[in-house]
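Numbering (mature numbering (1 follows the signal peptide of the UniProt record, and there is no 0)), first residue to last: -21 to -1, 1 to 454. Heads up, the beta-carbon is just placed ideally off N, CA and C, and yes, glycines get one too.
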């Protein structure tokens, strides 16, 4: 276990993009530490040379570490934090710039959202008492907003102590992790990160098959990425086979009332597949959670869609404007769009408001439809998945996430959509014990996706409750 350098990613909000360095990110080395908070360890994130380089840059520049005052935001010395440290500019040299790029690649967050790397030295007895990385004072919040994630890179081994501990973390009762004998007493007070812990922390069964070397960055504005071969051919065909006999005309949500309604804006047909329909579907759900760092319960059921010749979905946002939909799970923050078939012509996903990088302008292929040439576009290819974020890291809706499904010009298009919310979409809301279904078929209809497709009947409106609120998990 010598010479390992490890990293922890801690998401501080319900928020969570990829680049030229994506080929060196290998999530088979990522272990889930916790979902509450979302915390992960990446084994061997930095090379030994990168670790030593950061230490060499810092050695002669170290000063006593400070903390931010909760009211004024001013830096001050405190016995809460007794280490020494210094900051390294993002573009200090090619090695540092490469580390910055690697961090952006793994976290889906642009480099400009990050502070400079802070290198810290802890000598015997030095520590940092439990604290939050997000701010409480308006001074620090005003610059860049809250910190939403922390990447903590370990540059040396430690003989004893020095663990990172989460004293308030919630352990999964089904996957309780025994605490190693060599943890310090401090580290036994919660979930802790230690080199020896890596081998016993439960990880997703699908993490080994997530290969970000196949991920291509489509855009930073909005944050959008394509994963080539995300689904196997068998998984694609399985979703199509489940959907074929259950398809109904697709609807849209009214921007004011939230009611589902038919519209010429969206002319496809579709249906929803319950998360636990069968082992294949459950495996796809697990794979999505592994890639996005977002828990399964925050996602809606997968919606399978079929587009025939001429059918399309005009540009729209996936986040909501109406209070009815926002009330369940909050805004949609991310969409994973999986292509289940090849398309002879047309059917691209287009971002008409996306901002292209002037330094890396991508020439538009000759085989794009006219619709797709109106912005940054992704061609449907069987097995590929498009991940994009509808909210900025600040949780504010990203208007550049406007997107549409171009008309299919030849052939047909099958796709599967996973919408992911800021909070649990599966959460049952207590309603004083008076919640019940009004129809004996509610549970079956809910499993078929009617809670979303036929929301007015199943869920209801603020004025009139629906008939299947319990099966739709609204109470």
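Assigned secondary structure, residue i (DSSP; H/G/I helix, E/B strand, else coil)
i: residue 361; result: coil
i: residue 438; result: coil
i: residue 380; result: helix
i: residue 454; result: coil
i: residue 261; result: helix
i: residue 446; result: coil
i: residue 173; result: Residue confidence for residue 173 is low, a pLDDT of 32 falling below 50, so the modelled location carries little weight; the figure read from the coordinates is stated next. Three-state DSSP puts residue 173 in coil, outside helix and strand.
i: residue 77; result: helix
i: residue 137; result: coil
i: residue 314; result: strand
i: residue 396; result: strand
i: residue 351; result: helix
i: residue 22; result: strand
i: residue 67; result: strand
i: residue 110; result: coil
i: residue 126; result: coil
i: residue 242; result: strand
i: residue 417; result: coil
i: residue 10; result: strand
i: residue 322; result: coil
i: residue 203; result: strand
i: residue 120; result: helix
i: residue 412; result: Caution applies to residue 412, whose pLDDT of 49 falls short of 50 and renders its modelled position unreliable; the value that the coordinates give is listed next. Coil at residue 412, not helix or strand.
Beta-carbon contacts of residue i that lie in its chain and below 6 Å, excluding the five residues immediately before and after
i: residue 389; result: 323, 324
i: residue 198; result: 333, 355
i: residue 195; result: 205
i: residue 124; result: 373
i: residue 358; result: 327
i: residue 343; result: 352
i: residue 422; result: 450
i: residue 311; result: 297, 298, 369, 398, 400
i: residue 94; result: none
i: residue 264; result: 254, 275
Residue j beta carbon less than 8 Å from that of residue i
i: residue 144; j: residue 218; result: no
i: residue 308; j: residue 204; result: no
i: residue 447; j: residue 416; result: yes
i: residue 280; j: residue 252; result: yes
i: residue 202; j: residue 87; result: yes
i: residue 392; j: residue 315; result: no
i: residue 366; j: residue 431; result: no
i: residue 118; j: residue 54; result: no
i: residue 298; j: residue 370; result: yes
i: residue 444; j: residue 383; result: no
i: residue 268; j: residue 317; result: no
i: residue 8; j: residue 22; result: yes
i: residue 49; j: residue 116; result: yes
i: residue 473; j: residue 254; result: The displayed coordinates of the chain run from -21 to 454. Any statement about residue 473 would go beyond what the structure contains.
i: residue 395; j: residue 319; result: yes
i: residue 427; j: residue 207; result: no
Per-residue burial, residue i [other beta carbons within 10 Å of its own, 16 or more giving buried]
i: residue 228; result: exposed
i: residue 221; result: buried
i: residue 70; result: exposed
i: residue 429; result: buried
i: residue 97; result: exposed
i: residue 241; result: exposed
i: residue 377; result: buried
i: residue 212; result: exposed
i: residue 266; result: buried
i: residue 438; result: buried
i: residue 122; result: exposed
i: residue 375; result: exposed
i: residue 59; result: exposed
i: residue 10; result: buried
Spatial neighbours of residue i in its chain, beta-carbon cut-off 7 Å, leaving aside the 5 residues before and after
i: residue 385; result: 291, 325, 326, 327, 329, 348, 350, 351
i: residue 402; result: -8, 277, 308, 309
i: residue 414; result: 448, 449, 454
i: residue 56; result: 43, 45
i: residue 286; result: 247, 326, 384, 387, 391, 392
i: residue 41; result: 63, 64, 65, 100
i: residue 141; result: 101
i: residue 259; result: 214, 217
i: residue 209; result: 317, 362, 363, 364
i: residue 61; result: 105, 106
8 Å Cβ shell around residue i - same chain, five flanking residues per side excluded
i: residue 114; result: 47, 52, 120, 125, 126
i: residue 321; result: 359, 360, 361, 390
i: residue 305; result: 299
The ligand HEM heavy atom lying under 7 Å from the CB of residue i
i: residue 309; result: In terms of ligand content, the structure shown is empty, and the ligand HEM therefore cannot be addressed.
(request) Could you tell me whether the segment 81 to 88 touches the segment 110 to 117, where touching means 3 or more Cβ pairs closer than 8 Å? (result) No, they do not touch.
(message) For the segment 65 to 80 against the segment 34 to 53, do three or more pairs of beta-carbon atoms, one drawn from each stretch, fall closer than 8 Å, so that the two count as touching?
(response) Two segments are said to touch when three or more pairs of C-beta atoms, one from each, lie closer than 8 Å; by this definition the segment 65 to 80 touches the segment 34 to 53.
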